[in-house]
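Q: Handing you a structure now.
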Ligand SMILES: [Zn+2]
């Protein structure tokens with residue numbers, strides 16, 4: 030009897046156990062790769078490089094806002110939207126110290142960025158008033 034050559038996964042190059050091969054986009058792949066391709070990890074928004082994952086791990090579920098984040102939301106509520114430079118002035122903090130807070134708030138859908146007259150404005154996700 031002729032020995033069957035093991036099928037190799039075209040994605041990870043692993044030998045696929047018999048009958049475990051899957052087909053995806055015309056490629057023969059192993060079951061692990063199939064699962065990965067079927068449920069790709071959620072891509073992070075490049076503007077908000079800080080992934081929501083890191084704080085949900087820390088707190089378990091809904092993250093609490095830190096004082097800077099609370100202040101940011103307060104300023105956005107008062108101003109109805111403000112540029113990042115103006116926000117920096119109001120917070121009296123350099124941008125790099127609260128960038129992560131902006132990104133975190135964006136992931137929590139508390140704020141968003143929009144273009145107004147060619148300028149990038151940070152504003153509340155929803156105006157509740
Ligand atoms: Zn594979």
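Numbering (the working numbering), first residue to last: 30 to 158.
All C-beta atoms in this analysis are idealised placements derived from N, C-alpha and C, irrespective of residue type, glycine included.
Values in this document were obtained by computation on a predicted structure and should not be read as measured data.
#1: Indicate the three-state DSSP secondary structure (helix, strand or coil) for residue 47 in the structure shown.
#2: Which residues neighbour ligand 1 when neighbourhood means a C-beta less than 6 Å away from any of its non-hydrogen atoms? List them by chain order.
#3: Is DSSP giving residue 39 helix, strand or coil here?
#4: Grouping DSSP H, G and I as helix and E and B as strand, with all else coil, what is residue 122?
#5: Identify which residue in 97, 110 and 118 has its Cα closest to the Cα of residue 145.
#6: Thinking just about the alpha-carbon of each residue, which of 97, 107, 119 and 121 is nearest to the one in residue 133?
#7: If you run the structure through DSSP and keep just helix, strand and coil, what is residue 76?
#8: Quick one: Cα of residue 39 to Cα of residue 140, how far?
#9: Under the three-state reduction of DSSP, which class applies to residue 112: helix, strand or coil?
#10: Decide if residue 93 is buried, meaning its Cβ has at least 16 other Cβ atoms within 10 Å, or exposed.
#11: Who are the Cβ neighbours of residue 53 in its own chain at under 7 Å, not counting the five residues just before and after it?
A: Result, derived from the coordinates:
#1: Three-state result, residue 47: coil.
#2: Applying a distance threshold of 6 Å between residue Cβ atoms and the heavy atoms of ligand 1 selects 38, 40, 41, 43, 58, 59, 61 and 62, given in chain order.
#3: DSSP places residue 39 in coil when its eight states are reduced to three.
#4: Looking at residue 122 - three-state DSSP - the assignment turns out to be coil, as it is neither helix nor strand.
#5: Of the candidates 97, 110 and 118, the one whose C-alpha sits nearest the C-alpha of residue 145 is 110.
#6: Answer by Cα proximity: 97.
#7: Any reading at residue 76 needs caution, since the residue's pLDDT is 46, under 50, leaving its predicted position unreliable; the model's value is listed next. Coil.
#8: Each residue's alpha carbon lies about 42 Å from the other.
#9: Three-state result, residue 112: strand.
#10: Classified as exposed, residue 93 has fewer than 16 neighbouring CB atoms from the shown chains inside 10 Å of its CB.
#11: Counting only Cβ-Cβ distances below 7 Å, and skipping sequence neighbours, we find 63 and 66.
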